[in-house]
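So that you can map any letter, position 50 of the sequence shown is 81 in my numbering, and since no number is skipped, the others follow by simple counting. Every residue gets a Cβ at the ideal spot worked out from N, C-alpha and C, and that includes glycine.
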Amino acid sequence: MGLLEPDVRYGRVVRVAVSQTLDDLKVAGQRVLLRADLNVPVRDGKVTDLTRLERLVPTIRELSDKGARVIVLSHFDRPKGKIVPELSLRPIAQALGVVLGRPVGFAEDCIGPEAARIVDAMQGGDVAVLENTRFHPGEEENDPAFAKALAQLADIYVNDAFSVSHRAHASTEGVAKLLPSYAGRLMQAELTALEQALGNPARPVAAIVAGSKVSTKLELLTNLVGKVDILVIGGAMANTFLAAQGHDVGKSLQEKDLHATALQILKTAKEKGCDIILPQDVVVAKTFAANVPTEVVGVDAIPADSMALDVGPATVAAFIKRLPEIKTIIWNGPLGAFETKPFDAATNELAEAIAKATDEGKIVSVGGGGDTVSALKLAGVHHRMSYLSSAGGAFLEWMEGKILPGVEVLSAGLSNMG
Ligand code: ADP
Ligand code: MG
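Structure, rendered in structure tokens:
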């Protein structure tokens, strides 16, 4: 099961916020400005992880095969509005060519005569990458003049960069107002999967929210208690909840100033009929290092000199026992300090159980978040989830119930363009 076919897997196509997809698009001979996310990890001028580029291939190939001139637009890192030669997209354009198996051109500027020269020379089916949009201050300022300069290069705008669509920048929002705008295949897949998980999910829905801090996920927790039937809280953020309830959490990572907030979330959950599952046991250690001696204790018996670094086996077993009643699972945040063994155990065990239920067609499972993706890759189940979002911040904002400007503008375009 590929990550790009969520609607095939579920046997029904869910209406997403964006109605204009590549299905509706005639592009032969047209100049298509494609906002992609080429912000890939690079070391010594070499791309170290090709995943993001590989996931762009379906959209680029489809546009190119239909005869479009595909002009790829992206930011890279944070040059802060200045030209920083080390942050050029040139090596990434090259890597994209390799992944695509086709030549990919490159323009040394994303607007102006240099960009126009490259675009004018393109034939139908050609692909070219324009230089880093963030070399211009107008990108992050969403300057209308800069957006207009981008729009002048093309006839049609396609956004395939869900991962940057929580930012109202010129290349994600401004330009979409100036050209007929469409969602690319990756954007479409992401929106379809997320709509399925949160918009109109098969119930009961369970969310697993874990990770290090309550403070970074406050809006997420608050939104989810009103939407899901079961909320599992794990990771270090569970310590804050346990401490708020009066448990002594020893030296565990927790946020003392958020006890009242934690209790408020529990109260809201109760009012809304959301069943909260907190750890009943935890894995503790006296020091935080790989393969140190550990102990499993009940949450009432955390020693004063120890810290909880993972949720315990009884907690995981209790949740796994409830899996058969659940139809949809949304997962953000590792259950323990998974980067250090053996504190990856609970995450791995739950990941396997969820992957198995997904394999058997019993649940729809959607995950996302920077560390969550790493943890599920380490657990070896990333291809067995229904959908795993690599969108990081945009995925979290979607889960928080926020409107993403780069997505909203695609739907709004429908009424503007008629
Ligand atoms: P994501 O990036 O998927 O949104 P977070 O950044 O919120 O996830 O959380 C992941 C981090 O939480 C990891 O670095 C992990 O080590 C840490 N973490 C989880 N549980 C614990 C714990 N009990 N003690 C310390 N750190 C923890
Ligand atoms: Mg993180």
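Residue from the options with nearest C-alpha to residue i
i: Pro134; options: Glu117, Gln154 and Ser119; result: Gln154
i: Leu262; options: Asp336, Leu354 and Pro436; result: Leu354
i: Met338; options: His290, Val315, Tyr213 and Thr299; result: Val315
i: Ile123; options: Ile142, Ala99 and Val71; result: Val71
i: Arg109; options: Leu127, Leu222, Thr359 and Glu170; result: Glu170
i: Glu226; options: Lys258, Val206, Thr253 and Ile308; result: Lys258
i: Glu375; options: Ile357, Gly411, Lys77 and Ile360; result: The question names Glu, but residue 375 is Asp in the sequence shown. It is Gly411 whose Cα lies nearest to the Cα of Asp375.
i: Asp54; options: Glu139, Asp260 and Ser212; result: Ser212
i: Val347; options: Ala368, Arg62 and Ile308; result: Ile308
i: Leu273; options: Asp260, Ala291 and Glu139; result: Ala291
i: Pro436; options: Lys303, Thr203 and Leu255; result: Thr203
i: Leu209; options: Ala224, Ala180, Arg121 and Glu391; result: Ala180
i: Gly76; options: Ala126, Asp140, Arg415 and Arg62; result: Ala126
i: Asp336; options: Arg234, Asp96, Ser243 and Phe319; result: Phe319
i: Glu439; options: Arg92, Asp174 and Ala214; result: Ala214
i: Leu131; options: Ala237, Thr90 and Lys57; result: Thr90
i: Leu161; options: Leu184, Glu93 and Pro175; result: Leu184
i: Asn231; options: Thr359, Gly281, Leu289 and Val63; result: Thr359
i: Leu56; options: Leu94, Val73 and Lys303; result: Leu94
i: Thr389; options: Arg121, Ala224, Glu139 and Met416; result: Met416
i: Gln61; options: Asp96, Arg74, Leu81 and Ile351; result: Asp96
i: Val73; options: Arg92, Thr52 and Leu120; result: Leu120
i: Arg92; options: Val63, Ile114 and Leu118; result: Val63
i: Ala321; options: Cys305, Thr371, Val327 and Ala349; result: Thr371
i: Ile114; options: Cys141, Asn190 and Lys317; result: Cys141
i: Ser243; options: Asn379, Glu380, Pro373 and Phe369; result: Phe369
Cβ-based burial, residue i [other Cβ within 10 Å; buried from 16]
i: Lys248; result: buried
i: Ile434; result: exposed
i: Thr79; result: exposed
i: His413; result: buried
i: Gln295; result: exposed
i: Glu221; result: buried
i: Pro452; result: Any question about residue 452 goes unanswered here, given that the chain covers just 32 to 449.
i: Ala269; result: buried
i: Leu441; result: buried
i: Val129; result: exposed
i: Ala228; result: buried
i: Met448; result: Reliability fails at Met448, whose pLDDT of 41 lies under 50, so the model's placement of it is uncertain and no value is given.
i: Gly265; result: buried
i: Gly281; result: buried
i: Ala237; result: buried
C-beta contact flag for residue i and residue j at 8 Å
i: Val101; j: Asp186; result: no
i: Ala192; j: Ala178; result: no
i: Leu251; j: Leu427; result: yes
i: Gln285; j: Ala300; result: no
i: Ser283; j: Ile333; result: yes
i: Ala241; j: Pro365; result: yes
i: Gly452; j: Ala59; result: There is simply no residue 452 to check, as the chain begins at 32 and stops at 449 in what is shown.
i: Ile385; j: Met430; result: no
i: Ala377; j: Gly367; result: yes
i: Pro235; j: Ile357; result: yes
i: Tyr188; j: Ala207; result: yes
i: Ser246; j: Leu297; result: no
i: Val256; j: Lys287; result: no
Test: residue i CB closer than 8 Å to a CB of chain C
i: Ala99; result: As a matter of chain content, chain C is missing from the structure shown, which is built from one protein chain.
Residue i: CB within 7 Å of a non-hydrogen atom of the ligand PLP
i: Asn363; result: Within the structure as shown, the ligand PLP is missing, the only ligands being the ligand ADP and the ligand MG.
Should the segment 398-412 be regarded as contacting the segment 155-171, the criterion being three or more beta carbon pairs within less than 8 Å? no
Entirely enclosed beta strand (DSSP E) segments - the segment 243-305, minimum 3 residues: 261-264
Would you check if there are 3 or more beta carbon pairs closer than 8 Å linking the segment 415-424 to the segment 190-206? yes
Take every Cβ of the segment 98-105, pair it with every Cβ of the segment 63-81, and state whether three or more of those distances are shorter than 8 Å. yes
Cβ contact (3+ pairs, closer than 8 Å) linking the segment 306-323 and the segment 339-359: yes
Minimum length 4: unbroken alpha helix (DSSP H) runs contained in the segment 103-170: For the alpha helix (DSSP H) assignment, the uninterrupted runs of no fewer than 4 residues enclosed by the segment 103-170 are, from N- to C-terminal side, 121-131 and 143-152.
Three-pair Cβ contact test at 8 Å for the segment 275-290 versus the segment 388-401: no
Which runs of the alpha helix (DSSP H), 4 residues or longer, sit entirely within the segment 414-446? Fully enclosed alpha helix (DSSP H) runs of no fewer than 4 residues occupy 424-430 of the segment 414-446, in order along the chain.
Hey, is the segment 81-89 in contact with the segment 145-154, meaning 3+ C-beta pairs nearer than 8 Å? Contact between the segment 81-89 and the segment 145-154 is absent, because fewer than three Cβ pairs lie under 8 Å.
My parser needs the alpha helix (DSSP H) runs of 4 or more residues fully inside the segment 209-237; what are they? With a minimum length of 4 residues, the continuous alpha helix (DSSP H) runs that stay inside the segment 209-237 are 216-225.
Every unbroken beta strand (DSSP E) inside the segment 321-402 [3 residues or more]: 326-329, 338-342, 359-363 and 395-399
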